[in-house]
Amino acid sequence: MSDKLGAHEKQSIGTRAFKAVKKLQLGQAKKVRFKVSSRYRSIEGQSNATGIKWRIVEQKRPNKIGKSKDIRNKIKCAKYAVVWNGLELDAIIDLSNRVIAHGLNSPVKYCRILWRNLNGKRRWYVQLINEGLPYQKESNYLGEGVVGLDLNISNVAFVGNNKAGLLPFAEKVPSYEKEIKALQRKMQRSQRMHNPGNYEPDFEAKVGNKIVKKKGKTKQGKRQWIKTINYRRIQAKKAELERKKSSFAKSQNRSLVNEIRRHGNIIKAENVSVKGWQKRYGKAISAKSPGFFQLELKRKVEKTGGKFIKFSTKKTALSQTHLDGTRIKKSLSQRVHEDVTGFKLHRDLFSAFLARHVNDDSLSLLDAQIEYPGSEPILVDAWKQYQQTASKVGASVRAACPKGIIKNSHCSSEQLSHKSVTSSQIVIKDDKLECMPESQVL
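Numbered per the numbering used here, the sequence shown spans residues 946 to 1387.
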């Protein structure tokens, strides 16, 4: 690729390197990562006039039926290609896709060429950076109103003006857990066979009353590793399974983002640290991707003119707050909120309801007390619907494991019993707010 780089492509690479160094100088990054040739996957220009160009290489005359102002019919009469330094590559396009048709009809600012590995083979793509707004499907409209959000490890609770829900992340996504573990064992055996000097000698250890032979650990320090053709083939299979799993999860979470956007254009959520969750729930975070969901929701809401507001968890403490202002600590395993005013509700749903009434890191309890009687039916319906879904999942898992041996690395505390766990509850009297009048207590 380097012999085909022109002045505009080199300028784009220089701009990218300058931005990386600038982040380091301003304290926004700890170090600059230099990409080797195997990790350098994209090249882009600065305009569509020179360098990498997107062109219509052939224009057919449209049929008489196509004289109606149908954009897709006009696009079907054109043939597109990427022209770069004397190289002309015809583009393979799905012309029936409305999203692609909208992009081809928009002015192109510049092009980007990149490659990805699919099924162990390198596939080349061209990305068009266009002017204007992206295509929006009719079903993915942006609603109006305030939506309270409560982000969890495996699901998200939202409460809007007329709708509430407790939706799981990356639902029905295949984990490929058995296949990936089998490939990892094959890779480990191949490495030990062809790189014996990089491992410590095997040893015998006493486990209980038995003496078991254990494999030696990897020696510390950088060493040469021999990767055979068979090892690289197995590595490509594992990478393809990981790519499929990630692609499924992203697709499901994007659908979840569109579902929440339909119920409001002002999103209020707690400022939680997903990176902190990764230290404790590594596999669950990798499988469910709540951080990607949060970033995607923020990007789409702000791009369409809405607002994504984050507030402090320490100042509001929504999971501890009751409707009369009392704060009572409870453990993470207690998923049911038993309010001191007498009602029961799922913990995440009630936190999402209170999030609607947070302004400038302060909770307006008076507004929550006034609105709760009208919002209680939709909150209860959302909890019932979640319980029905969880019971179906539990029944299917028990049917698959009749002996009661259930192994699921991504199983969360949300799939446990919804009955409240009795624990010692501590009332923080200093943070107790004014109680509502007896006539308004539910």
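Cβ coordinates follow ideal geometry from the N, Cα and C atoms, glycine included.
**Study point:** Residue ranges of each alpha helix (DSSP H) within the stretch 1095 to 1141, 4 or longer
**Key:** 1122 to 1139
Check your understanding: Would you call L1277 buried or exposed, if buried means 16 or more other Cβ atoms sit within 10 Å of its Cβ?
Key -> Along the sequence shown, one-based indexing puts residue 1277 at 332. Exposed, since its Cβ has fewer than 16 Cβ neighbours within 10 Å.
Review point. Looking at the unbroken alpha helix (DSSP H) that takes in F1256, where does it start and where does it end?
Key: Start at 1 with the first residue of the sequence shown, and residue 1256 comes out as number 311. Here F1256 belongs to no alpha helix (DSSP H); instead the beta strand (DSSP E) covers 1252 to 1256.
**Study point:** K1275 classed as buried or exposed, judged by whether at least 16 other C-beta atoms fall within 10 angstroms
**Key:** The count along the sequence shown starts at 1 and reaches residue 1275 at position 330. So K1275 ends up on the buried side.
Review point. Sorted by chain position, which residues of the same chain lie with C-beta nearer than 6 Å to D1284's C-beta, five sequence neighbours on each side aside?
Key: As a first step, residue 1284 is located in the sequence shown; it is residue number 339 there, counting from the start. Excluding residues within five positions, the ones whose Cβ falls inside 6 Å are H1267, L1268.
Practice item. Please determine, among N1042, S1231, D1305, F979, the residue with the shortest C-alpha to C-alpha distance to K1213. Key: Residue 1213 sits at position 268 when you count from the first residue of the sequence shown. Checking every option, the nearest Cα to that of K1213 belongs to D1305.
Point to revise | Backbone secondary structure at K1182 - three-state DSSP | key: Along the sequence shown, read from residue 1 onward, the residue named residue 1182 stands at position 237. DSSP places K1182 in helix when its eight states are reduced to three.
Practice item. Just list the alpha helix (DSSP H) runs in the stretch 1275 to 1301, keeping only unbroken ones of 4 residues or longer that don't cross its boundaries, in chain order. Key: 1292 to 1300
Review point. Could you give the residue range of the beta strand (DSSP E) that holds A1150?
Key: What you label residue 1150 is simply residue 205 of the sequence shown in a count that begins at 1. First-last of the beta strand (DSSP E) with A1150: 1148 to 1152.
Check your understanding: Residue range of the beta strand (DSSP E) that V1027 falls in?
Key -> By 1-based counting over the sequence shown, the position of residue 1027 is 82. Where V1027 is concerned, the enclosing beta strand (DSSP E) stretches over 1023 to 1029.
Exercise for review: Pull up the CB-CB distance for I1211 and G1251, whole angstroms please, since I reckon it's below 8 Å.
Suggested key: Looking up residue 1211 in the sequence shown gives position 266. Looking up residue 1251 in the sequence shown gives position 306. Yes, they are in contact, since the Cβ atoms of I1211 and G1251 sit about 6 Å apart, within 8 Å.
Practice item. Starting from S987, trace the alpha helix (DSSP H) both ways and give me its first and last residue. Key: Taking the first residue of the sequence shown as position 1, residue 987 is located at position 42. Looking at the DSSP string, S987 is not in any alpha helix (DSSP H); the run it does join, the beta strand (DSSP E), is 987 to 989.
Check your understanding: Between L950 and the rest of its own chain, which residues show a CB-CB distance below 6 Å, the 5 nearest in sequence each way excluded?
Key -> Position 5 of the sequence shown holds residue 950. Contacts found: none.
**Study point:** Classification of G959 by the beta-carbon crowding that lies within 10 angstroms, buried from 16 upward
**Key:** In the sequence shown, residue 959 corresponds to position 14, counting from 1. Flag for G959 reads exposed.
Practice item. Classify S1264 as buried or exposed, calling it buried when 16 or more other Cβ atoms lie within 10 Å of its own Cβ. Key: Locating residue 1264 in the sequence shown gives position 319, counting from the first residue. Burial call: buried.
Check your understanding: Are at least three pairs of beta-carbons, each pair with one atom in the stretch 1160 to 1178 and one in the stretch 1112 to 1127, less than 8 Å apart?
Key -> no
Check your understanding: Nearest to L1186 by alpha carbon, out of K1255, A1300, Y1121?
Key -> Locating residue 1186 in the sequence shown gives position 241, counting from the first residue. For the residues K1255, A1300, Y1121, the minimum Cα distance to L1186 belongs to Y1121.
**Study point:** Beta-carbon contacts of A1194 that lie in its chain and below 6 Å, excluding the five residues immediately before and after
**Key:** Start at 1 with the first residue of the sequence shown, and residue 1194 comes out as number 249. Hits under 6 Å: A1115, V1118, S1234.
Exercise for review: Please say whether L1294 and A1109 have beta carbons closer to each other than 8 Å?
Suggested key: Within the sequence shown, residue 1109 is the residue found at index 164, counting from 1. Within the sequence shown, residue 1294 is the residue found at index 349, counting from 1. For A1109 and L1294, yes; Cβs fall inside 8 Å.
Point to revise | Coarse secondary structure for S1320, derived from DSSP in three states | key: Translated into the one-based positions of the sequence shown, residue 1320 becomes position 375. Helix at S1320.
**Study point:** Nearest-angstrom Cα separation, counted from F1288 out to L971
**Key:** One-based indexing of the sequence shown puts residue 971 at position 26. One-based indexing of the sequence shown puts residue 1288 at position 343. Those two C-alpha atoms are separated by around 51 Å.
Exercise for review: May I have the straight-line CA-CA distance separating Q991 from L1290, to the nearest angstrom?
Suggested key: Along the sequence shown, one-based indexing puts residue 991 at 46. Along the sequence shown, one-based indexing puts residue 1290 at 345. Roughly 55 Å separates the two Cα atoms.
Practice item. Please work out which residues of its chain come closer than 7 Å, Cβ to Cβ, to P1141, disregarding the five sequence neighbours upstream and downstream, and give them in chain order. Key: Locating residue 1141 in the sequence shown gives position 196, counting from the first residue. Excluding sequence neighbours, P1141 sits near nothing in its chain.
Check your understanding: Just curious, the beta strand (DSSP E) that V977 is in, first and last residue?
Key -> Numbered from 1 along the sequence shown, position 32 holds the residue referred to as residue 977. Here V977 belongs to no beta strand (DSSP E), and DSSP marks it neither H nor E.
Practice item. Following the continuous alpha helix (DSSP H) through E954, name the residue where it begins and the one where it ends. Key: The residue given as residue 954 occupies position 9 in the sequence shown. First-last of the alpha helix (DSSP H) with E954: 952 to 970.
Exercise for review: Assign K1220 to one of three DSSP states: helix, strand, or coil.
Suggested key: Counting from 1 along the sequence shown, the entry for residue 1220 is found at position 275. K1220: helix per DSSP, three-state reduction.
Review point. Using the C-alpha atoms, what's the distance from F963 back to K975?
Key: Looking up residue 975 in the sequence shown gives position 30. Looking up residue 963 in the sequence shown gives position 18. Rounded to the nearest angstrom, the two C-alpha atoms are 15 Å apart.
Practice item. For the beta strand (DSSP E) containing R1057, list its first residue and its last residue. Key: The residue given as residue 1057 occupies position 112 in the sequence shown. It spans 1053 to 1063 - the beta strand (DSSP E) in which R1057 sits, taken as one unbroken run.
Exercise for review: For T995, count neighbouring Cβ atoms within 10 angstroms of its own Cβ and tell me buried if that reaches 16, exposed if not.
Suggested key: For the purposes of this step, residue 995 is taken as the residue at position 50 of the sequence shown. The residue is exposed, with fewer than 16 neighbouring Cβ atoms inside 10 Å.
Review point. Considering R1067, what are the terminal residues of the beta strand (DSSP E) in which it resides?
Key: The residue labelled residue 1067 in the question sits at position 122 within the sequence shown. First-last of the beta strand (DSSP E) with R1067: 1066 to 1075.
Point to revise | I1211: first and last residue of the uninterrupted beta strand (DSSP E) it sits in | key: For the purposes of this step, residue 1211 is taken as residue 266 along the sequence shown, with counting starting at 1. 1211 to 1215 is the extent of the beta strand (DSSP E) around I1211.
Check your understanding: Among the residues of its own chain, which have a CB less than 7 Å from the CB of R1301, if the five just before and after it don't count?
Key -> Sequence index remark: in the sequence shown, residue 1301 carries index 356 (1-based). Counting only Cβ-Cβ distances below 7 Å, and skipping sequence neighbours, we find V1091, G1093, V1104, K1213.
Practice item. Look at the alpha carbon of A965 and the alpha carbon of V977, and state the distance between them as a whole number of angstroms. Key: Taking the first residue of the sequence shown as 1, we reach residue 965 at position 20. Taking the first residue of the sequence shown as 1, we reach residue 977 at position 32. C-alpha separation (whole angstroms): 6 Å.
Practice item. Indicate whether the contact test is met: 3 or more Cβ pairs, each with one atom in the stretch 1061 to 1076 and one in the stretch 1164 to 1175, closer than 8 Å. Key: no
Exercise for review: Examine the Cβ distances between the stretch 1145 to 1155 and the stretch 1031 to 1039 and report whether three or more of them are shorter than 8 Å.
Suggested key: no
**Study point:** Per DSSP, the bridge partner or partners of L1032
**Key:** Stepping through the sequence shown from its first residue, residue 1032 is reached at position 87. Paired residues: W1029.
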